[in-house]
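Q:
Number of protein chains: 4
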Amino acid sequence: MSSSIKKIGVFTSGGDSPGMNAAIRAVVRTCAYMEIDCLGIYRGYEGMIDGDFIPLNARSVNNIINKGGTFLKSARCPEFRTPEGRQKAFDQLQSAGVDALVVIGGDGSLSGAEIFHAEHNIPYIGIPGTIDNDIFGTRYTLGFDTALNTVVEAIDKIRDTASSHHRLFFVEVMGRDVGHIALNAGVGAGAEEILIPEEDLGLDRLLDSLKRSKARGKSSSIVVVAEGDRTTGKNVYELKEYVEQHLPVYDVRVCVLGHMQRGGAPTCFDRVLASRMGVKAVEALLEGKTGFMAGIRDNDIILTPVSEAIKGHTKIDKELIRVSDIMTI
Amino acid sequence: MSSSIKKIGVFTSGGDSPGMNAAIRAVVRTCAYMEIDCLGIYRGYEGMIDGDFIPLNARSVNNIINKGGTFLKSARCPEFRTPEGRQKAFDQLQSAGVDALVVIGGDGSLSGAEIFHAEHNIPYIGIPGTIDNDIFGTRYTLGFDTALNTVVEAIDKIRDTASSHHRLFFVEVMGRDVGHIALNAGVGAGAEEILIPEEDLGLDRLLDSLKRSKARGKSSSIVVVAEGDRTTGKNVYELKEYVEQHLPVYDVRVCVLGHMQRGGAPTCFDRVLASRMGVKAVEALLEGKTGFMAGIRDNDIILTPVSEAIKGHTKIDKELIRVSDIMTI
Amino acid sequence: MSSSIKKIGVFTSGGDSPGMNAAIRAVVRTCAYMEIDCLGIYRGYEGMIDGDFIPLNARSVNNIINKGGTFLKSARCPEFRTPEGRQKAFDQLQSAGVDALVVIGGDGSLSGAEIFHAEHNIPYIGIPGTIDNDIFGTRYTLGFDTALNTVVEAIDKIRDTASSHHRLFFVEVMGRDVGHIALNAGVGAGAEEILIPEEDLGLDRLLDSLKRSKARGKSSSIVVVAEGDRTTGKNVYELKEYVEQHLPVYDVRVCVLGHMQRGGAPTCFDRVLASRMGVKAVEALLEGKTGFMAGIRDNDIILTPVSEAIKGHTKIDKELIRVSDIMTI
Amino acid sequence: MSSSIKKIGVFTSGGDSPGMNAAIRAVVRTCAYMEIDCLGIYRGYEGMIDGDFIPLNARSVNNIINKGGTFLKSARCPEFRTPEGRQKAFDQLQSAGVDALVVIGGDGSLSGAEIFHAEHNIPYIGIPGTIDNDIFGTRYTLGFDTALNTVVEAIDKIRDTASSHHRLFFVEVMGRDVGHIALNAGVGAGAEEILIPEEDLGLDRLLDSLKRSKARGKSSSIVVVAEGDRTTGKNVYELKEYVEQHLPVYDVRVCVLGHMQRGGAPTCFDRVLASRMGVKAVEALLEGKTGFMAGIRDNDIILTPVSEAIKGHTKIDKELIRVSDIMTI
């Protein structure tokens with residue numbers, strides 16, 4: 001491949017997600033395979049501004065495919081939101097001889113790269129790394145599958161104690177604006193109800209549903225709540241109080257799963273996805289492309305313009321909401 | 001829905017796979033939701049011939065979504081291969097008032113249902129339950145995703161000891177005719193080589209690759225081998241001996257993962273897939289369909305005629321073979 | 001063995017813990033082995049008062065050794081605290097022909113049995129089932145080892161994201177009065193600080209320690225806090241605010257692990273312990289003993305009078321506190 | 001502490017086991033705490049002879065407490081069995097200024113250290129790192145608890161498929177000379193029979209037991225076999241053939257768990273044990289002790305002369321054999 005690109009910089013940015021290390025490894029090894037240089041940038045845009053770089057070769061990324069987090073670290077960087085910050089970052093990349101970038105992160109990180117490219121004309125390809133699955137242009141974001149399994153395993157454990165005591169649990173899972181984790185993990189964990197921002201269940205229907213569940217002889221109940229859900233007008237702690245007042249038959253508990261959802265060894269799916277996206281990102285750069293995000297559609301790795309990807313969310317799956325309703329009969 | 005179907009029989013057949021219980025649960029609960037009866041058939045076609053049935057309601061399938069195996073048991077049944085056996089089975093279903101069937105199993109099980117339907121005109125829908133992912137008409141068979149994670153977690157453990165001792169491991173995984181598990185889990189586990197029936201690597205190229213790997217300073221090597229692979233003309237034990245003779249620099253070990261690959265709590269993916277396929281199967285029957293298999297394509301649950309599904313295998317993914325080659329630089 | 005005991009009742013009471021099912025199984029099978037009857041009592045003392053019983057034989061407890069929770073359910077029962085409630089319970093046992101009891105639970109449950117025995121002279125043996133490890137007379141309570149692993153695995157995941165972002169996490173674990181889970185899991189997870197009720201660290205020393213940790217270049221910090229700890233005068237949320245004010249260099253997060261700590265498949269240790277304690281409990285009853293609790297000391301299953309066991313807690317291990325201090329250098 | 005020891009060398013030797021990294025970390029950090037130097041020796045005695053050393057400080061061992069294997073690598077070293085080899089090793093240590101050693105490994109590794117000390121008078125303390133639990137002087141060797149859980153989790157998976165198909169599985173686990181893994185994991189996994197070198201069951205009794213098991217309606221059977229067991233005169237593959245001939249009612253399968261038993265993240269127990277033993281080893285050296293092995297007895301970390309530790313094995317637990325017999329009724 002006769003490309004003018006001789007050195008690619010790779011970094012992770014924003015919230016971390018399982019599979020980021022696997023994606024870095026794939027970028028690094030594809031560079032090695034294509035016989036171009038690869039430079040790791042620590043702490044995302046912050047490290048770019050500081051020139052906190054490390055040369056990476058195929059052996060630098062041994063034994064990281066199965067590690068959660070990101071060994072290049074991540075950070076949020078207010079300074080990069082200013083033209084001055086971005087100029088500093090560009091100067092650092094110039095000094096280091098970086099011709100192109102692979103950015104691994106969520107929609108904020110991709111937007112940053114898009115602006116950076118508009119100003120400084122440095123080619124880049126994005127890899128959607130976030131557990132939230134909220135990026136348009138890919139069926140799965142990197143880390144989503146792992147997070148689902150982490151949540152489902154935690155709820156399996158909670159179910160043990162819930163069904164030993166005839167209890168009702170509100171389990172809050174991540175998802176500030178979207179309910180993908182809640183809906184999928186809720187169905188996977190056999191939750192009795194699932195509260196997501198996209199679907200207005202309402203407090204009354206929740207109470208009705210819990211009453212019916214009890215009447216049908218269910219020994220315990222799990223309600224999965226997306227952290228961003230406000231369709232009931234209440235957070236999980238308020239929901240607990242409300243249900244205890246209005247349905248005193250239940251002994252109610254709350255569990256907020258929190259940041260453990262971001263960690264852990266990635267699943268096979270996320271490792272393979274990361275590897276394929278990493279290869280695609282480097283290949284696209286070498287083909288002269290820029291401003292695209294790698295994504296998966298059916299079983300194909302595809303490219304979507306970042307400008308489109310950051311505009312919209314993947315829609316919640318109406319059919320899966322229906323499956324959930326049927327399963328909780 | 002005005003359908004003539006009043007009672008659906010559900011059973012699992014052939015080798016078991018994680019997610020079968022979740023699929024049974026989905027079939028049972030969809031029947032309850034649609035207000036029709038559901039009858040569980042134990043031990044597949046064998047139990048059908050014996051009339052080994054159990055009525056199932058929504059509560060019968062509490063707390064099984066996360067259990068491996070199949071609580072309806074499974075069996076291979078030579079008698080069902082004879083017209084007399086199938087007649088007995090049909091008579092039993094008639095006595096029990098079963099109008100339609102949902103069969104959960106691999107291609108052998110689906111073929112059986114197809115013949116049964118041709119002879120006795122009983123409607124059926126199939127759900128592809130097998131870890132091998134070798135059925136045409138679905139991107140993922142039920143249990144494949146769980147098996148991949150089981151394999152990858154086992155190889156992660158083997159990697160610990162391999163890299164502590166500079167060892168080479170041949171790890172045999174399931175896949176009698178196809179290399180899907182080997183290829184995906186091999187990429188996910190960061191295997192140095194992957195031997196699958198679909199891709200003739202040859203012994204010489206394997207040796208060359210191992211030599212280069214050693215030369216590049218890799219501290220250990222994992223070669224994943226599909227059990228059905230004969231492209232080297234050798235099984236894993238013979239490969240060990242051959243490499244020890246021709247590459248004495250390596251301390252070689254063999255690990256055959258075996259039947260643990262069929263068990264374990266299903267992943268979130270397999271639980272959701274099972275739930276969606278179960279709903280689809282019952283709905284299809286109530287819509288008057290027969291002879292189809294539920295499958296997933298991108299994110300849609302689709303129906304494929306069983307006659308087509310059992311004809312061919314899902315092809316191995318050439319792009320993933322390429323990704324694997326690049327990753328092992 | 002010539003004992004007058006012909007039928008043993010077994011039940012679980014109070015908070016559930018992993019290994020309770022394995023203990024029930026062991027009691028049931030030992031009864032079968034000794035050729036005496038075994039009656040399961042649902043929902044602890046509540047089910048005893050209600051006569052909610054089920055005969056159990058060796059096959060009733062197939063495939064439960066690896067299940068969390070308790071299939072006999074558990075409950076707290078205010079009525080049993082009254083002489084009238086206990087009279088009802090005794091009458092139910094008499095009607096059912098129960099000669100002796102095995103109670104599996106924490107110190108409250110054992111105290112109940114002790115009073116019951118004093119009033120009605122029914123022989124009983126206790127098995128210490130609680131994740132808190134707070135019962136005198138046994139090195140390990142049933143479920144403690146499993147809970148430690150659940151906590152350590154969760155913190156391993158949190159560490160991934162903590163070290164990707166240079167964050168400080170306060171992780172609250174169970175232990176209302178005692179710090180056994182916090183101390184052991186804290187050492188196991190490599191926590192930077194551990195706050196337990198038994199050891200007054202104080203806020204100032206915590207701040208100092210975090211400052212030093214930062215100065216030594218630690219990229220992230222985990223502070224494990226027993227839920228019952230008030231040595232700092234603050235709960236985890238107040239600690240977060242306090243540290244953010246006084247050590248603004250840290251980006252602080254809170255994670256309350258909650259009830260998932262009570263569930264999950266028991267570890268091998270807890271399964272073996274449950275099996276041994278179950279055998280011991282039945283054997284002790286058949287030898288005419290009563291009012292003892294089975295416990296483990298070194299590798300021996302021993303008996304301690306319940307009157308002693310419920311008086312005191314196992315002391316926190318000073319040497320392990322020292323190990324923790326050394327490890328966090 | 002006024003000791004003449006200024007620099008301690010630490011290494012792992014022989015087969016690796018989970019917890020070795022945690023033990024190295026504990027040795028390194030205790031040295032840092034005591035303000036003495038610590039030198040890592042790669043590849044055990046082999047690296048000692050080669051002078052393959054690395055200085056280690058408190059930060060060198062960040063984030064390894066939860067990693068399987070040993071980052072210092074391990075090896076078996078024939079040259080160290082010769083006086084010349086040991087002389088070379090001693091010279092290397094002298095040049096590097098190493099005053100004392102901590103050796104982490106099995107009985108072969110401890111024997112090597114004992115001879116080395118006799119010849120060259122270099123103080124050492126041993127830490128028993130092996131999954132086999134076959135060293136006298138400690139209730140638990142490092143890695144044993146983790147290996148038990150790995151085995152039990154694998155058999156749980158095998159049980160899923162065994163009970164779906166009414167199958168009999170022979171599962172071979174590690175233990176060349178001793179049956180500790182087989183006995184404990186067998187009880188933990190609810191195995192129907194357990195074959196260990198220490199207890200001569202004999203083929204006839206095995207057949208009888210399997211017949212009775214079938215007669216009692218067990219739907220599946222797991223027989224756990226220690227790899228070193230020859231009490232039946234047959235290995236697992238021969239056992240399979242024998243049972244298929246003499247008990248054709250069974251569909252028999254074999255599973256050899258192999259090297260995955262040596263890997264994986266250590267359990268909380270092994271991490272805490274490693275931390276305590278590491279502290280003890282350094283403290284003992286600084287107190288002028290040599291030739292001891294750290295061990296655990298009840299909850300105390302104790303020292304046993306290596307000369308005694310390597311003489312005998314921990315005896316198999318007769319009471320646990322009896323528990324196993326009762327459980328398989």
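Chains as they are written, first to last, in the UniProt record's numbering: chain A, 1 to 329; chain B, 1 to 329; chain C, 1 to 329; chain D, 1 to 329.
For glycine and all other residues, C-beta sits at the position ideal for the given N, C-alpha and C.
#1: Is there a Cβ from chain C that is less than 8 Å from the Cβ of VAL256(A)?
#2: Quick test of the definition: if touching needs 3 or more C-beta pairs under 8 Å, does the stretch 285 to 293 of chain C touch the stretch 110 to 122 of chain C?
#3: How would you call VAL249(A), buried or exposed, if buried means at least 16 neighbouring beta carbons within 10 angstroms?
#4: Below 9 Å on C-beta distance, what does ARG253(C) contact in chain A?
#5: What are the boundary residues of the alpha helix (DSSP H) that ARG25(A) is part of?
#6: With a threshold of 8 Å between beta carbons, is ARG271(A) in contact with chain C?
#7: Give, in chain order, every unbroken run of the beta strand (DSSP E) that is at least 3 residues long and sits entirely within the stretch 148 to 185 of chain A.
#8: Going by the CB atoms, is the gap between THR130(A) and SER60(A) shorter than 8 Å?
#9: Counting only beta-carbon separations shorter than 8 Å, does ASN66(D) have a partner in chain C?
#10: DSSP three-state label for PHE80(D), please.
#11: For ILE54(C), is the classification buried or exposed, using 16 other Cβ atoms within 10 angstroms of its Cβ as the cut-off for buried?
#12: Between ILE49(C), ASP200(C), GLY106(C), ILE194(C), which lies nearest to GLN92(C) when the distance is taken from Cα to Cα?
#13: For THR109(A), decide whether its Cβ has a neighbour in chain C, counting only Cβ atoms nearer than 8 Å.
#14: Using 8 Å as the limit for Cβ to Cβ distance, is LEU207(C) near chain D?
#15: Should THR12(A) and SER74(A) be called a contact, given that it needs their Cβ atoms to be closer than 8 Å?
#16: List the residues of chain A whose Cβ lies closer than 7 Å to the Cβ of ASN149(B), in chain order.
#17: In the stretch 72 to 94 of chain C, which residues sit with their C-beta less than 8 Å from some C-beta in chain A, listed in chain order?
#18: Closer than 9 Å, Cβ to Cβ, to anything on chain C: give me those residues from the stretch 297 to 319 of chain D, in chain order.
#19: Going by DSSP, what residues sit across from ILE222(D) in a beta bridge?
#20: Less than 8 Å between CB atoms is the rule here; does GLY217(B) satisfy it with respect to chain A?
#21: What residues are listed by DSSP as bridge partners for MET293(C)?
#22: Tell me, please, whether the CB atom of LEU130(A) is closer than 8 Å to any CB atom in chain C?
#23: Look up CYS38(C) in the DSSP assignment and give the residues it is bridged to.
#24: Considering only residues of the same chain and omitting the five flanking positions on each side of ILE104(B), which have a CB-CB separation below 6 Å?
#25: Grab the span of the beta strand (DSSP E) containing GLY105(D) for me, first residue to last.
#26: On the DSSP bridge assignment, give the partners of PHE53(D) in chain order.
#27: Find the residues of chain A that neighbour VAL279(B), judging by a C-beta separation of less than 7 Å, and give them in chain order.
#28: Quick one: residues in its chain with C-beta nearer than 7 Å to the C-beta of VAL187(D), no 5 flanking neighbours on either side, listed in chain order?
#29: According to DSSP, which residues form a beta bridge with CYS255(B)?
#30: Can you tell me which of the three DSSP states ILE194(B) falls into?
#31: Pick helix, strand or coil for LEU201(B), following the three-state DSSP scheme.
#32: Restricting to Cα atoms, I'd like to know which of ARG139(C), SER220(C), TYR124(C), VAL225(C) is closest to MET174(C).
#33: At least one CB of chain D closer than 8 Å to the CB of ILE329(C): is that the case?
#34: Given ALA162(A), which residues of its chain have a CB within under 7 Å of its CB, disregarding the five upstream and five downstream residues?
#35: Express the C-alpha separation of GLY143(A) and GLY68(A) in angstroms, rounding to a whole number.
#36: Under DSSP, the alpha helix (DSSP H) around MET327(C) begins and ends at which residues?
A: To lay it out plainly:
#1: Chain C contact via Cβ: present.
#2: With a cut-off of 8 Å on Cβ pairs, the stretch 285 to 293 of chain C is in contact with the stretch 110 to 122 of chain C, counting three or more such pairs.
#3: VAL249(A) comes out exposed.
#4: The answer, in chain order, is GLY258, HIS259.
#5: Taken as a continuous stretch (DSSP letters only), the alpha helix (DSSP H) holding ARG25(A) covers 20 to 34.
#6: Taking Cβ atoms only, chain C never reaches closer than 8 Å to ARG271(A), which makes this a no.
#7: Taken in chain order, the complete beta strand (DSSP E) segments of 3 or more residues contained in the stretch 148 to 185 of chain A are 167 to 173.
#8: Result no, Cβ atoms of SER60(A) and THR130(A) do not sit closer than 8 Å.
#9: Closer than 8 Å: yes.
#10: Correct three-state label for PHE80(D): helix.
#11: Looking at its Cβ environment, which holds fewer than 16 other Cβ atoms inside 10 Å, ILE54(C) is exposed.
#12: Sorting ILE49(C), ASP200(C), GLY106(C), ILE194(C) by C-alpha distance to the C-alpha of GLN92(C) places ILE49(C) at the top.
#13: It should be noted that the sequence gives Ser, not Thr, for residue 109(A). Not closer than 8 Å to any Cβ of chain C, the Cβ of SER109(A) fails to qualify, so no.
#14: Cβ-Cβ to chain D under 8 Å: no for LEU207(C).
#15: Yes; because the gap between Cβ atoms is below 8 Å, this pair is in contact.
#16: Annotation: Cβ neighbours of ASN149(B) in chain A (cutoff 7 Å, chain order): THR267, CYS268.
#17: Under the 8 Å Cβ criterion, the stretch 72 to 94 of chain C contributes LYS73, SER74, ALA75.
#18: Listed by position along the chain: ARG297, ASP298, ASN299, ASP300, ILE301, ASP317, GLU319.
#19: Per DSSP, PHE169(D).
#20: Yes, because at least one Cβ of chain A sits closer than 8 Å to the Cβ of GLY217(B).
#21: In DSSP, MET293(C) forms a bridge with GLY126(C), THR304(C).
#22: At residue 130(A) the sequence reads Thr, which differs from the Leu that was named. Cβ-Cβ to chain C under 8 Å: no for THR130(A).
#23: In the DSSP output, where bridge partners are listed per residue, CYS38(C) has ILE8(C).
#24: Correct list, in chain order: THR12, MET20, ALA23, ILE127, GLY129.
#25: 100 to 105 is the span of the beta strand (DSSP E), which, as asked, contains GLY105(D).
#26: According to DSSP, PHE53(D) shares a beta bridge with ILE41(D).
#27: Within chain A, the residues near VAL279(B) are VAL323, ILE326.
#28: Cβ within range, chain order: LEU320, VAL323, SER324, MET327.
#29: For CYS255(B), the beta-bridge partners assigned by DSSP are VAL171(B).
#30: ILE194(B): strand per DSSP, three-state reduction.
#31: Correct three-state label for LEU201(B): coil.
#32: Residue nearest to MET174(C) within the set ARG139(C), SER220(C), TYR124(C), VAL225(C) is VAL225(C) (criterion: CA-CA distance).
#33: Under the Cβ distance rule, ILE329(C) counts among the residues neighbouring chain D, one pair being separated by less than 8 Å.
#34: The residues are PHE169, SER220, ILE222.
#35: Spanning the two alpha carbons is a distance of roughly 9 Å.
#36: Start and end: 318 to 327.
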